[in-house]
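J.: As you go down the protein sequences, you meet chains A and B in turn. When the count follows our numbering, it moves up by one through the first sequence with no breaks and lands on 341 for the last residue. When the count follows our numbering, it moves up by one through the second sequence with no breaks and lands on 281 for the last residue.
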Amino acid sequence: MWSVIITRKLGKGQPESEKMNAFKKKAAPYLYLSPTIILMIVLMLIPIVMVISYSVMNNVIMNKNPIYIGLGNYKTILTDEVFHTTIYNTLFFTIGSVVMHMVIGLLFAMLLNSRLFSTATKSFFRVIYILPWVFTAAIIAILWRLLLNPNGIVNYFLEQAGIIHTKVEWLGSRDTALYALTFINIWSGYPFYMVSLLAGLQGISQDLYEAAEVDGANAYHQFISITIPQLKPIILSMAMLDCIWTMQQFPLVWMTTGGGPIHATEMLSTYTYKLAFSKYEFSLASASAVIILIFSMVLASVYVRRQKASV
Amino acid sequence: MLSRKARHNFAKTIAFVLLILGAIYAGAPIIWMLLCSFKPNTEIFAYPPTFISKTFSLTAYTKILTDSVKVRFFLNSYFVSTAVTLLTLVVSIFAAYSFSRFEFKMKKTLNMIIISVQAVPPITLLIPYFGLIVTLKLYNTYWALILTYMVFTLPYAILMMTGYFNTLPRELDEAVMIDGGSRSVALWRVLFPISIPGIISVGMYTFMQAWNEYLFALTLTKTVNMRTVPIGIQQLMGQHSYEWNEMMAMSILGCMPVLILFLFFQRYFIGGMTAGSVKS
């Protein structure tokens with residue numbers, strides 16, 4: 031449909047005044063962008079304005095005539111004890127995931143880039159290493175609920191190895207749930223890093239390593255003074271993106287622990303979702319949603335500044 | 002010389018052990034899922050665990066594939082994901098053409114907006130969407146999912162396609178226009194065919210995103226005939242008795258399209274993924 035409109039508007043047609051042509055030339059890029067712009071206005075700009083306005087009113091949606099109450103909802107949220115727990119949990123979950131994604135991603139990428147193995151071996155293991163990535167959060171959630179079940183296979187192996195003596199409720203106990211959840215998220219997220227870092231490693235010139243070897247640098251020195259500095263731009267970009275995404279993670283948390291037991295794994299996203307769709311406190315939920323948006327935008331602005339040079 | 006060779010062998014052994022340990026970490030959970038999908042439900046938590054079940058059966062699979070409600074989940078997911086992919090591709094190709102081939106006032110600003118939009122949390126948009134989708138009379142329809150998914154698939158697709166078009170010389174489409182062809186001929190007859198590898202990569206990623214989406218599917222649809230696979234899997238979990246074997250079978254069936262796409266187009270996918278996410 032768009033192609034027809036654009037073709038008609040930009041087609042050669044009859045000779046027209048130069049002014050008209052100049053206008054058409056100017057309008058052309060915007061015409062091609064118009065479907066995107068319309069979608070982004072209706073489903074991005076307007077909703078953001080809506081959520082901000084919801085957040086400064088008393089209970090919207092449930093209340094027929096909401097009135098403006100200023101920053102009251104933000105005050106309620108920011109002084110809520112559960113919200114403080116949520117911030118702690120989200121920070122732990124995010125930092126733990128991002129750091130471990132990076133470590134495992136880099137380790138696997140280096141193994142797959144190693145000259146010690148044949149290409150066939152490396153392609154085979156690459157497919158296996160990427161596997162966790164093709165699973166959706168719903169599948170990852172039930173798979174790990176099966177594995178980490180008190181009667182499940184993980185407990186069986188740990189018992190056989192003598193590491194634990196009673197069956198641990200990994201996802202059901204307040205002491206372990208946050209660690210277990212972070213562990214699951216690490217498993218599901220590292221391939222994204224691995225793939226990017228692998229491409230990065232393949233882009234490093236072999237000459238650098240050869241020169242270092244001539245200078246007598248050992249593997250550790252080569253890693254610290256060549257590999258890491260060369261990969262730094264990729265690592266930083268990925269870490270920013272990962273921070274943003276992990277902080278917003280909802281499906282995995284919702285389907286493994288639902289934020290429980292007793293808020294032990296409550297994240298910003300599940301906290302907000304519950305406010306809206308279990309307590310029907312849409313104004314409070316909106317305030318909380320705006321807080322997540324602000325966090326995300328702060329991180330994103332750092333990311334955008336990093337990417338700007340290449341646009 | 003010998004010591005060097007010995008050192009090399011030692012390094013190779015260590016690396017190989019790591020390689021195997023890594024494969025266990027990545028693959029063992031998935032193997033276990035596969036094995037469990039062939040077991041009767043009573044055997045799932047057997048002590049000691051059975052690996053290859055003596056009563057190996059495909060019952061869990063046939064049960065899901067003959068249940069019209071569950072088949073409907075799959076059809077819905079296929080339909081929504083395919084629609085999202087096609088629409089995203091068309092819209093993003095137009096947008097990318099604009100970013101790549103024109104100089105205009107708002108170019109930098111719009112590009113920045115497209116990049117930052119990727120960071121907007123779905124949960125922030127969820128509350129207003131709920132109201133908006135009801136107002137637009139789209140609640141519990143395919144359109145509710147298709148349109149909201151596109152908000153999240155488009156920015157990445159546009160950035161990727163712009164990057165791809167930028168690698169193609171401008172002389173190509175300029176030649177077409179000098180010969181009297183219109184812009185749309187230049188775009189669809191010249192740029193489009195040579196961009197197929199990029200389009201495959203963007204299409205795959207978009208399909209994956211749509212196939213895996215959970216939050217909007219959960220909130221913007223209501224009836225069983227509109228639900229998608231991730232919700233279907235979760236609903237199996239919500240019932241009072243856990244049919245673990247069926248859940249695993251449904252998971253295996255649920256990841257098949259993405260897995261098959263991935264295995265077929267691995268090369269495009271990895272290349273495209275990295276080009277898009279890391280432009281350093």
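Beta carbons are placed, not taken as given, at the ideal position from N, Cα and C, and that holds for glycine. All figures in this text were calculated on a predicted structure; none of them were measured in a lab.
#1: So residue 19(B) and residue 141(A) are in contact, right, with Cβ under 8 Å, and what is the actual spacing, rounded?
#2: According to DSSP, is residue 98(A) part of a helix, a strand, or is it coil?
#3: Are the beta-carbon atoms belonging to residue 262(B) and residue 208(B) less than 8 Å from one another?
#4: Tell me the DSSP secondary structure of residue 248(B) in three-state form.
#5: Contact criterion: CB-CB distance below 8 Å. Does residue 143(A) meet it with respect to chain B?
#6: List the whole-angstrom C-beta distance separating residue 229(B) from residue 105(B), where the pair is believed to meet the contact cut-off of C-beta under 8 Å.
#7: Quick one: residues in its chain with C-beta nearer than 8 Å to the C-beta of residue 242(A), no 5 flanking neighbours on either side, listed in chain order?
#8: Here's the rule: buried if 16 or more other CB atoms are within 10 angstroms of the residue's CB, otherwise exposed. What is residue 50(A)?
#9: Indicate whether at least one CB of chain A lies closer than 8 Å to the CB of residue 82(B).
#10: Nearest to residue 15(B) by alpha carbon, out of 248(A), 147(A), 113(A), 301(A)?
#11: Restricting to Cα atoms, I'd like to know which of 186(B), 175(B), 157(B) is closest to residue 202(B).
#12: How would you list, in chain order, the residues of chain A whose beta-carbon sits under 8 Å from the beta-carbon of residue 46(B)?
#13: Among the residues of its own chain, which have a CB less than 7 Å from the CB of residue 239(A), if the five just before and after it don't count?
#14: Using the Cβ count rule (16 or more neighbours within 10 Å means buried), how would you classify residue 29(A)?
#15: Chain A beta carbons: is any one of them nearer than 8 Å to that of residue 116(B)?
#16: What is the DSSP secondary structure of residue 327(A), reduced to helix, strand or coil?
#17: Select from the region 11-30 of chain B all residues with a C-beta closer than 8 Å to any C-beta belonging to chain A, and list them in chain order.
#18: Over what stretch of residues does the alpha helix (DSSP H) that includes residue 195(A) continue unbroken?
#19: Rank 175(B), 67(B), 99(B) by C-alpha distance to the C-alpha of residue 66(A) and give the top, closest one.
#20: Under a CB-based cut-off of 8 Å, is residue 269(A) close to chain B?
#21: Distance cutoff 8 Å, beta carbons only. Does residue 215(B) sit that close to anything in chain A?
#22: Let me confirm a value: residue 199(B) is counted as buried when at least 16 other C-beta atoms fall within 10 Å, else exposed. Which label applies?
#23: Here's the rule I'm using: 16 or more other beta-carbon atoms within 10 Å means buried, otherwise exposed. How should residue 42(A) be labelled?
#24: Determine the burial state of residue 333(A): buried for a count of at least 16 other Cβ atoms within 10 Å of its Cβ, exposed for fewer.
#25: List the endpoints of the continuous alpha helix (DSSP H) containing residue 197(B).
#26: Count the other C-beta atoms from every protein chain shown that fall within 10 angstroms of the C-beta of residue 195(A), then say buried if there are 16 or more, exposed otherwise.
#27: Please confirm if residue 330(A) has its CB atom under 8 Å from at least one CB of chain B.
#28: At least one CB of chain B closer than 8 Å to the CB of residue 323(A): is that the case?
#29: Which two residues bound the contiguous alpha helix (DSSP H) that contains residue 174(B)?
#30: Return the Cβ separation of residue 124(B) and residue 319(A) in integer angstroms, given the expectation that the two are a contact with Cβ distance under 8 Å.
#31: Find the residues of chain A that neighbour residue 123(B), judging by a C-beta separation of less than 8 Å, and give them in chain order.
#32: Which residues share a DSSP beta bridge with residue 87(A)?
#33: Listing by chain order, which chain A residues have their CB less than 8 Å from the CB of residue 105(B)?
#34: Out of 158(A), 317(A), 144(A), 78(A), state which residue places its alpha-carbon closest to the alpha-carbon of residue 109(A).
#35: Between the region 126-151 of chain B and chain A, which residues of the former have a C-beta closer than 7 Å to a C-beta of the latter?
#36: With DSSP collapsed to three states, give me the class of residue 178(A).
T.: Taking the definition as stated:
#1: Between residue 141(A) and residue 19(B) the Cβ distance is about 6 Å, and since that is below 8 Å, they are a contact.
#2: Three-state DSSP puts residue 98(A) in a strand.
#3: Residue 208(B) is positioned such that its CB atom lies closer than 8 Å to that of residue 262(B).
#4: Three-state result, residue 248(B): helix.
#5: Output row for residue 143(A): interface = no.
#6: Incorrect: roughly 38 Å between the Cβ atoms, too far for contact.
#7: Listed in chain order, the non-local C-beta contacts of residue 242(A) below 8 Å within the same chain comprise 251, 252, 255, 256, local neighbours out to five positions each way being set aside.
#8: Exposed is the call here.
#9: Taking 8 Å as the threshold, the shortest C-beta distance from residue 82(B) to chain A does not fall below it.
#10: Looking at the Cα atoms, 147(A) is the closest of the given residues.
#11: The candidate whose alpha carbon is nearest that of residue 202(B) is 157(B).
#12: Neighbours of residue 46(B) in chain A, taken as residues at a C-beta separation under 8 Å, are given in chain order as 179, 181, 182.
#13: Only 252, 256 meet the Cβ criterion.
#14: Outside the displayed range of chain A (31 to 341) lies residue 29(A), so it cannot be described from this structure.
#15: Taking Cβ atoms only, chain A reaches closer than 8 Å to residue 116(B), which makes this a yes.
#16: Under the three-state reduction of DSSP output, residue 327(A) falls in the helix class.
#17: Cβ contacts with chain A: 12, 13, 16, 17, 19, 20, 23, 24, 26, 27, 28, 30.
#18: According to the DSSP assignment, residue 195(A) belongs to no alpha helix (DSSP H), since it is labelled neither H nor E.
#19: Of the candidates 175(B), 67(B), 99(B), 99(B) places its Cα closest to the Cα of residue 66(A).
#20: So, not an interface residue.
#21: For residue 215(B), the nearest CB of chain A lies under 8 Å from its own CB, placing it at the interface with that chain.
#22: Around the beta carbon of residue 199(B), a 10 Å sphere encloses 16 or more other beta carbons of the protein chains shown; the residue is thus reported as buried.
#23: Residue confidence is low: residue 42(A) scores 47 on pLDDT, short of 50, so the model does not pin down where it sits. No coordinate-derived value is stated.
#24: With 16 or more other Cβ atoms inside 10 Å of its own Cβ, residue 333(A) counts as buried.
#25: 197-213 is the extent of the alpha helix (DSSP H) around residue 197(B).
#26: Residue 195(A) comes out exposed.
#27: Yes - at least one Cβ of chain B is within 8 Å of the one on residue 330(A).
#28: Cβ-Cβ to chain B under 8 Å: yes for residue 323(A).
#29: Judged by DSSP secondary structure, residue 174(B) falls within the alpha helix (DSSP H) whose first and last residues are 171-179.
#30: That pair is a contact at about 6 Å.
#31: Within 8 Å Cβ-Cβ: 278, 280.
#32: Beta-bridge pairing links residue 87(A) to 98(A).
#33: Within 8 Å Cβ-Cβ: 56, 59, 60.
#34: In this structure, 317(A) is the residue among 158(A), 317(A), 144(A), 78(A) with its C-alpha nearest to the C-alpha of residue 109(A).
#35: Along the region 126-151 of chain B, going in chain order, the ones with a CB nearer than 7 Å to a CB of chain A are 126, 128, 129, 130, 132, 133, 148, 149, 151.
#36: Secondary structure of residue 178(A) (DSSP, three-state): coil.
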